[in-house]
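Peer 1: Same order as they appear, the protein sequences are chains G and Z. In terms of the working numbering, the first sequence opens at residue 1 and continues consecutively. In terms of the working numbering, the second sequence opens at residue 1001 and continues consecutively. Think of the CB as a built atom: it goes at the ideal place given N, C-alpha and C, for glycine as much as any other residue.
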Amino acid sequence: MIPAIARDRPIPMSRTVRKARGTAFILLAILATSLGMVALAALLLDVLRDGIGVLSLEFINSFPHYQAEKAGAKSALAGTLWVMSLTAVFAMVAGVGAAIYLEEFAVRNWFTRIVEININNLAGVPSVVYGLLGLAIFVYWMGLGRSVLAGALTLALLILPIIVVAAREGLRSVPPTIREAAMALGSTRWQAVRFQVLPAAMPTILTGFILALARAVGETAPLIAIGAFTTVLFVPTTPTDSFTVLPVQIYSWISKPLPEFRENAAAGIIVLLVVLMLMNAVAITLRNIYSRRSRW
Amino acid sequence: MVTENFLNLPQTTTAEAAVEPARDATPESVIDVRELQAYYGENRALKDISLSLYSRRVSAIIGPSGCGKSTLVRCLNRMHEMSSGGHVKGEVLYQGENIYGAGVDPVELRSRIGMVFQKPNPFPKSIFENVAFGLKVNGISGNTSERVERSLRRAALWDEVKDRLKQSALQLSGGQQQRLCIARALAVEPEVILMDEPCSALDPMATLAVEELIRELSQEVTIIIVTHNMQQAARVSHHTAFLMMDQDKAGYLVEYGPTSEVFTNPKSEHTEAYITGRFS
């Protein structure tokens, strides 16, 4: 006779089955991870094989040329560095500023809710639409022309929502007790944010910033839309100069019929990846400086 | 009526607490709460609270959970209005001036009425920066390290941290962190310190250290402490306020008086029931 309690209980899965399920799940997770790794490795190998022969100091130090062996990425690299530095500044200031306002100061009402929904929607807008917006507003209406500044502002708009969302997440992860502690000592709300909340949120904000910049550095469509030139035979020296960037240069090389230019494109991709990694290294170093003190 | 030692209190400390009020015969009131009502949005959390809190005394606020003890102390430095929907009616006079009056800057008020919270909440920065923060935001210049040292000494923490002021405050133990929070509050030299269950997250030894510190500090600072621990109230306070919830879940003041009287000869049967542990 089985006691009543035991009869009502579901029959427990045998330990072997449970362990097997656990193992299966781990294998699935490893498979999922290695898919990404394999794809990345294949991409890198392919690009390295094609491009490493062309890659040299000369390649980095030469302007575009109609002969593939004389062409280089100097103007594109300079343009990318110019545009990315300005984009980083614009997007960081506007994005973190907006996040601080929404998270720390704004009263929750229908207006802030509409702003929130719109920021989230903006993150899903195709990048070429930002290009057209940049063309209309920055290039024509503000009269900036096809300049570094217009390109940087367009890319800043593009990554703004990512930074706002990441920064709000970072600010929200700071316990409210930190704000209360600061306010209870007689600090103003701004002092509490400036000296305690923002530094504590910085690691998360910088992580979002890295992702956002990585997205911006590879963008081609919006910059073509605002008219980044494909052949630029000078290095921009002021923000109002015209420019090209690495992705646009790579795109232009790939679309040329001569196969030699494909090697140039591969070399250009390597340069782009190095730029991306250097940018990430800077951001990660900054993040480590902020999060060196152990967290709560 | 209640017997003398119903809580099995250590006799020495109750005796001390009972003897101490003889320091000056007529205590001077520093905060007068007048018919205070506190709300969260539509919900009233406190109803008709009136009491006077005395200068350089320890006043304990006790009562069952949810009765508005924390809300009451947060009304005293206008932290209550930081909670969503938090607002009050009535008056709180601090040194004769209504802190809810027009033209009172809550930021300035909070630098004169310090606060220590339930859970130790040091900033994720160095020990030194924690104590110096209040000086920085209040624009107190002058010898910062001297002030930091003095505050840490007053909080009985100096000897434990003097060799590692640059280390993160989060590496300290819970009890040390709470004393650091007290030092941080002391650095701006407030006249009153509000403590919202300062020992509830601490172990018994750390609790004793903080209680010792409270007794020490009450020589020069007014301390108002919320506690759910009646023995603690009996050990550290000169006056005790007992709060309860009415049917509308609003807290009201049942009884307020010298701690020795509230605990040995309570006027209200509710107080007696609460302190003898018949409900909590």
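For Z:Met1205, list the residues DSSP reports as bridge partners.
Peer 2: Residue 1205 of chain Z sits at position 205 when you count from the first residue of the second sequence. Looking at the DSSP assignment, Z:Met1205 forms no beta bridge with any residue, so it has no partner.
Peer 1: Check whether the Cβ atoms of Z:Pro1124 and Z:Cys1181 lie closer than 8 Å to each other.
Peer 2: Numbered from 1 along the second sequence, position 124 holds the residue referred to as residue 1124 of chain Z. Numbered from 1 along the second sequence, position 181 holds the residue referred to as residue 1181 of chain Z. Taking 8 Å as the Cβ cut-off, Z:Pro1124 and Z:Cys1181 do not qualify as a contacting pair.
Peer 1: Using the beta-carbon of each residue, which ones in chain G are nearer than 8 Å to Z:Ser1111?
Peer 2: Counting from 1 along the second sequence, the entry for residue 1111 of chain Z is found at position 111. Result: Leu185 and Gly186.
Peer 1: Counting only C-beta atoms, is G:Glu180 closer than 8 Å to chain C at any point?
Peer 2: Structure shown: chain C not included; protein chains present are G and Z.
Peer 1: Let me know the secondary structure DSSP gives G:Thr230 once reduced to three states.
Peer 2: Here residue 230 of chain G is taken as the residue at index 230 of the first sequence, counted from 1. Look at G:Thr230 here: in three-state DSSP terms it is coil, with no helix or strand label.
Peer 1: Within 8 Å (strictly less), CB to CB, does Z:Arg1184 reach chain G?
Peer 2: Numbered from 1 along the second sequence, position 184 holds the residue referred to as residue 1184 of chain Z. By this cut-off, Z:Arg1184 is an interface position.
Peer 1: Do G:Ala184 and Z:Arg1110 come within 8 Å of each other at the CB atom, strictly closer than that value?
Peer 2: Position 110 of the second sequence holds residue 1110 of chain Z. Position 184 of the first sequence holds residue 184 of chain G. Against a cut-off of 8 Å, the Cβ pair of G:Ala184 and Z:Arg1110 comes out as a contact.
Peer 1: Could one say the Cβ of Z:Val1148 lies closer than 8 Å to chain G's Cβ atoms, at least one of them?
Peer 2: Counting from one through the second sequence, the residue named residue 1148 of chain Z turns up at place 148. With 8 Å as the cut-off, Z:Val1148 does not count as an interface residue toward chain G.
Peer 1: Flag this pair as touching only if the segment 268-284 of chain G and the segment 78-95 of chain G have three or more C-beta atom pairs under 8 Å; answer yes or no.
Peer 2: yes
Peer 1: Based on the DSSP output, what are the partners of Z:Asp1032 in its beta bridges?
Peer 2: Here residue 1032 of chain Z refers to the residue found at position 32 of the second sequence. Z:Ser1052 and Z:Leu1093, per the DSSP bridge assignment.
Peer 1: If you measure beta-carbon to beta-carbon, which residues of the segment 199-224 of chain G are closer than 7 Å to chain Z?
Peer 2: Those residues of the segment 199-224 of chain G that come within reach of chain Z (Cβ to Cβ, closer than 7 Å) are Ala200.
Peer 1: Going by Cα to Cα distance, which pick from G:Asp50, G:Ala68 and G:Lys74 is closest to G:Asn61?
Peer 2: Position 61 of the first sequence, counted from the first residue, corresponds to residue 61 of chain G. Answer by Cα proximity: G:Lys74.
Peer 1: Check whether the segment 251-271 of chain G and the segment 51-70 of chain G are in contact - that is, three or more C-beta pairs closer than 8 Å.
Peer 2: yes
Peer 1: Measure the alpha-carbon distance for G:Gly97 versus G:Arg18 and round it to whole angstroms.
Peer 2: Numbered from 1 along the first sequence, position 97 holds the residue referred to as residue 97 of chain G. Numbered from 1 along the first sequence, position 18 holds the residue referred to as residue 18 of chain G. If you take the alpha carbons of G:Gly97 and G:Arg18, they lie about 50 Å apart.
Peer 1: So G:Phe195 contacts chain Z; which residues on that side make the cut at Cβ distance below 8 Å?
Peer 2: By one-based count along the first sequence, residue 195 of chain G stands at place 195. Here the neighbours are Phe1133, Lys1136 and Val1137.
Peer 1: Could you please give me the residues that DSSP links to Z:Pro1198 through a beta bridge?
Peer 2: Position 198 of the second sequence, counting from 1, holds the residue named residue 1198 of chain Z. Z:Pro1198 is not bridged to any residue.
Peer 1: Do Z:Ser1070 and Z:Asp1196 have their C-beta atoms closer together than 8 Å?
Peer 2: For the purposes of this step, residue 1070 of chain Z is identified with residue 70 of the second sequence, where counting begins at 1. For the purposes of this step, residue 1196 of chain Z is identified with residue 196 of the second sequence, where counting begins at 1. Yes, these two residues count as a Cβ contact at 8 Å.
Peer 1: At what residues does the beta strand (DSSP E) containing G:Val235 begin and finish?
Peer 2: In the first sequence, the residue the question calls residue 235 of chain G occupies position 235. Under the DSSP assignment, G:Val235 falls outside any beta strand (DSSP E); it carries neither an H nor an E label.
Peer 1: Using the three-state DSSP reduction, which class does G:Pro247 fall into: helix, strand or coil?
Peer 2: If you number the first sequence from 1, residue 247 of chain G lands on position 247. Three-state result, G:Pro247: helix.
Peer 1: Please state whether DSSP places Z:Gly1174 in a helix, a strand or coil.
Peer 2: Sequence index remark: in the second sequence, residue 1174 of chain Z carries index 174 (1-based). It is helical.
Peer 1: Can you check which of these residues, G:Leu198, G:Gln196, G:Arg168 and G:Gly151, is closest to G:Glu219 by C-alpha distance?
Peer 2: Position 219 of the first sequence, counted from the start, is the residue given in the question as residue 219 of chain G. Out of G:Leu198, G:Gln196, G:Arg168 and G:Gly151, G:Gly151 has the C-alpha closest to the C-alpha of G:Glu219.
Peer 1: Could one say the Cβ of Z:Glu1108 lies closer than 8 Å to chain G's Cβ atoms, at least one of them?
Peer 2: Translated into positions along the second sequence, residue 1108 of chain Z becomes position 108. Chain G, which has a Cβ nearer than 8 Å to the Cβ of Z:Glu1108, makes this yes.
Peer 1: For the segment 1046-1054 of chain Z and the segment 1238-1248 of chain Z, state whether three or more C-beta atom pairs, one from each stretch, are separated by less than 8 Å.
Peer 2: Segment contact: the segment 1046-1054 of chain Z against the segment 1238-1248 of chain Z, three or more CB-CB distances shorter than 8 Å; contact assigned.
Peer 1: Taking the runs of the alpha helix (DSSP H) that are 4 residues or longer, which of them lie wholly in the segment 98-128 of chain G?
Peer 2: Fully contained in the segment 98-128 of chain G are the following alpha helix (DSSP H) runs of length 4 or more, in chain order: 110-122.
Peer 1: Check each candidate in Z:Leu1194, Z:Gln1176, Z:Tyr1040 and Z:Ala1183 and name the one with the smallest Cα separation from Z:Ser1083.
Peer 2: Stepping through the second sequence from its first residue, residue 1083 of chain Z is reached at position 83. Taking each of Z:Leu1194, Z:Gln1176, Z:Tyr1040 and Z:Ala1183 in turn and checking the Cα distance to Z:Ser1083, the smallest one comes out for Z:Tyr1040.
Peer 1: Does any C-beta atom of chain G lie closer than 8 Å to the C-beta of Z:Gly1277?
Peer 2: Along the second sequence, read from residue 1 onward, the residue named residue 1277 of chain Z stands at position 277. By this cut-off, Z:Gly1277 is not an interface position.
Peer 1: Along the alpha helix (DSSP H) that carries Z:His1270, what are the first and last residues, could you check?
Peer 2: Here residue 1270 of chain Z refers to the residue found at position 270 of the second sequence. Following the DSSP letters along the chain, one finds Z:His1270 inside the alpha helix (DSSP H) bounded by residues Glu1269 to Ile1275.
Peer 1: Taking the runs of the beta strand (DSSP E) that are 3 residues or longer, which of them lie wholly in the segment 1078-1140 of chain Z?
Peer 2: 1086-1094 and 1113-1116
Peer 1: Within 8 Å, do at least three Cβ pairs link the segment 188-202 of chain G to the segment 109-124 of chain G?
Peer 2: no
Peer 1: Mind listing the chain G neighbours of Z:Gly1142? Cutoff is C-beta to C-beta under 8 Å, in chain order.
Peer 2: Here residue 1142 of chain Z corresponds to residue number 142 of the second sequence, with the count starting at 1. Under the 8 Å cutoff, chain G gives no residues; its nearest Cβ is about 17 Å from Z:Gly1142.
Peer 1: At 9 Å on the CB atoms, spell out the chain G contacts of Z:Val1188, in chain order.
Peer 2: Counting from 1 along the second sequence, the entry for residue 1188 of chain Z is found at position 188. Neighbourhood of Z:Val1188 in chain G, by CB distance below 9 Å: Leu185 and Gly186, in chain order.
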